[in-house]
Structure formats: C-alpha cells, structure tokens
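Just so you know, we're using numbering that gives the first Met the number 0 here: the sequence shown kicks off at 0 and counts up by one. C-beta: ideal position from N, C-alpha, C; glycine also. One structure is given here, and the rest of the page talks about it.
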Amino acid sequence: MVDEKPGILFMGTPEFAVPTLEGLMKEGYPVIAVVTQPDRPRGRGRKSEAPPVKTAAEKYGIPVLQPEKVRDEEFLRVFRELAPELVVLVAFGQILPGEIIDFPAMGCINIHPSLLPFYRGAAPINWALIRGEVRTGVSIIRMDAGVDSGDILLHEETPINPEDNFDSLHDRLAVQGARLLLEAVEGLVAGTVKRKTQDHSLATSAPRLGKEDGHLNWNAGVMEILNRIRGLSSSPGAYTFVKGKQLKIFTAAGEQSIVSGVPGSIGLETEKGLPVAAGNGYVYLKEVQLEGKKRMSVRDFLRGFRISPGEILQ
C-alpha cells in the first residue's frame, strides 16, 4: 500500500514540464528527485545552460540528477535506491528502459500534448498546427514499452484558435497538462482512475522535426503555408531563402486570389505585409529574421535589405 501522497520521481527537461513540477510541489507531493537532461551549450556564445526543469527544481531544493543515458547501470542503481512509488514524465527527451517503467508501484505516467492515439511522437503540437487541426488536447497515460501507446488515464480537449501558433498553444497545453496530471495523481491515490486502452488502429504520427520540415514550398496553397509558419513559430521557425540567405518567417497573413507572379515572387509592400505569390493566392510576411540578424517587422527588414518586386524566394 502506498502513502496518501506517494514519493514521486519527476523526469522532464524543457519549459513545458515546469508547470507540472511546480504544481506537484504546491500540492505538497514529495518529489524525491528530479531527473533531467545534462546542461548543454546554447546560443551564439555556446555557453552551457541548465534545462528549465533543473532551474525550477533548484528553486525548491529538490535533488537533481542529469544522466547522459538513463539506461546506464550507474543511473539504474541510483533509481533503485530512490525506489519511487510513482514516476511522472513530462517531455524528458530520452526513451526509458523497461525497468523504470515497470518498477514503481503506481506506475510511470506521462503527459502527452495531443488527443491520443492521434499525434504520437516527439512533436505533436507542431504537427497539429502544420496539418491544420482545429482541436487538440492533453492525454495522461500510463506508460508502456511503446511510443505514446500506453493506456489513457485522463484526456481533455482544447480548441486550436486561428491566431494560435506553436508558442501560444505550447504554453496553454503546458498549463492544461499540469492541471490534468494532478487530477490523475489524485485519482491514482484514491483508486478512482480507470484505464482506457488506446485504439491503435487510429494512431497517427508526429515525428521529430527535421530542418527540411521548415523549408517553405511556395507552390503550396496559402493555408498550407500559413499553417506551417504557425506550427514552427517561434521555434525552430519556418524559412525560405532570399538572395542565398535564410529568411525565417514568424508571422504572416494570407488570402486566396488569382496570382499574377510565379510562386515565390515578391510584390510591393502593403499594409498587410510583404506579399509573396503562393499556389493559390498571396502570403503576406509580417515578422521575419534574416540569418545573422535579429527578429524584426518586415518593414524594418526592408529598410536594411534591398529587395525588388519580382525577385523570387526559394
């Protein structure tokens, strides 16, 4: 029998996981340790930075472990000594071995930001936007050996608004996921949570994003291009090439209409933004970043970068 509030090992790395860790602490759950990825060099200066979860854990005085691989015997020995009653995993970044999944008496539970079995994989928020979905949500699952294939404990839907991009949807789902995770833990303690097997025949994939996924195809339709921009803004960013230089695009608008130029051709700047011909209309660039420069409005970009109507974005 577990205590009323089980000893929890928390495993997570990015900002998305922080609201869940903070929620557990505020509710008085004993987080016996946090496992996160090692510090990594980031930014132009390649200065070593701690993961957001490590920073949050240190604020609460929680012991932090940063193994290169959780499969290594050295870490598994420490894991056994910790003997958690429950493992909570949120965007950790490594595949767990069976021992970690199977060891805790209350299991290993995970927040996944999609309505499983849809969008299993590393980038569900991005792909839901890229593919033009109008709803998504959060699923709390009891982990198994598969990829996001475990039984569902709880899930909750949320709309995807036309103005949403990756950043806004990410932040909303992080808060929603933290709240739902707490409900799941309370239900596990009380014995009221019912597990539901996923319908694996309905599973869709949300694979890790590659660099090529951000490269815009101006032959595509306006909505397809806008959805890709939304799904990648602000990170890693959709992009095109102008005069051989990469140009990231963070915000844009669009309209379907008869197109006079070839796809990718630039028109004169308007109040809507800088028009670029697409397959079935125009995409108006609003906020961009040229390689080596800061993110800025397209108006400021055009003040410092000479570009003529009719030039082609690649």
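{"Query": "Which runs of the beta strand (DSSP E) at least 3 residues long sit entirely within the segment 278 to 306? Give them in chain order.", "Result": "280 to 289"}
{"Query": "Examine the Cβ distances between the segment 122 to 129 and the segment 42 to 55 and report whether three or more of them are shorter than 8 Å.", "Result": "no"}
{"Query": "Can you give me the C-alpha to C-alpha distance between E84 and F304, rounded to a whole angstrom?", "Result": "59 Å"}
{"Query": "Per the DSSP calculation, L153 is bridged to which residue(s)?", "Result": "I139"}
{"Query": "Check whether the segment 132 to 150 and the segment 176 to 183 touch, using three or more Cβ-Cβ pairs below 8 Å as the test.", "Result": "yes"}
{"Query": "Drop a sphere of 10 angstroms on the beta-carbon of K244, count the other beta-carbons inside from all chains shown, and report buried for 16 or more, exposed for fewer.", "Result": "exposed"}
{"Query": "What residue does the alpha helix (DSSP H) around S167 start on, and which one ends it?", "Result": "165 to 189"}
{"Query": "Are any of the Cβ atoms in chain B nearer than 8 Å to that of V188?", "Result": "Judged by its chain identifiers, the structure shown contains no chain B, having just a single protein chain."}
{"Query": "Drop a sphere of 10 angstroms on the beta-carbon of E67, count the other beta-carbons inside from all chains shown, and report buried for 16 or more, exposed for fewer.", "Result": "exposed"}
{"Query": "Could you work out which residue in G131, F74, V146 is closest to N319 when comparing CA atoms only?", "Result": "The question about residue 319 has no answer, for the chain in this structure spans 0 to 313."}
{"Query": "Can you give me the C-alpha to C-alpha distance between D2 and S148, rounded to a whole angstrom?", "Result": "Its pLDDT being 49, under 50, D2 is placed unreliably in this model, and the coordinates cannot settle the point."}
{"Query": "Near L187, what residues of its chain come up, given a Cβ to Cβ distance below 6 Å and the 5 sequence neighbours on each side ignored?", "Result": "M105"}
{"Query": "Just verifying my parser: in three-state terms, what is the DSSP assignment at I61?", "Result": "coil"}
{"Query": "Residue range of the beta strand (DSSP E) that R76 falls in?", "Result": "Where R76 is concerned, there is no enclosing beta strand (DSSP E), although the alpha helix (DSSP H) it sits in stretches over 72 to 81."}
{"Query": "I believe A56 touches Y118 by the beta-carbon criterion, under 8 Å. Please report the beta-carbon distance rounded to the nearest angstrom.", "Result": "That belief does not hold up - the Cβ atoms of A56 and Y118 are roughly 28 Å apart, past 8 Å."}
{"Query": "The beta strand (DSSP E) that contains E48, what's its start and end?", "Result": "46 to 48"}
{"Query": "Could you check how far apart the C-beta atoms of Q288 and F249 are, in whole angstroms? I think they sit under 8 Å.", "Result": "7 Å"}
{"Query": "By Cβ distance, which residues of its chain are closer than 6 Å to T196, with the 5 residues on each side in sequence left out?", "Result": "D150"}
{"Query": "Can the beta-carbon of I306 be found closer than 8 Å to that of I265?", "Result": "yes"}
{"Query": "So is H169 buried or exposed if we call it buried at 16+ other beta carbons inside 10 Å?", "Result": "buried"}
{"Query": "Going along the chain, which residues of its own chain have a beta-carbon closer than 7 Å to the beta-carbon of E290, five neighbours each way excluded?", "Result": "K244, Q245"}
{"Query": "Give me the DSSP bridge partner(s) of Y238.", "Result": "H214, K247"}
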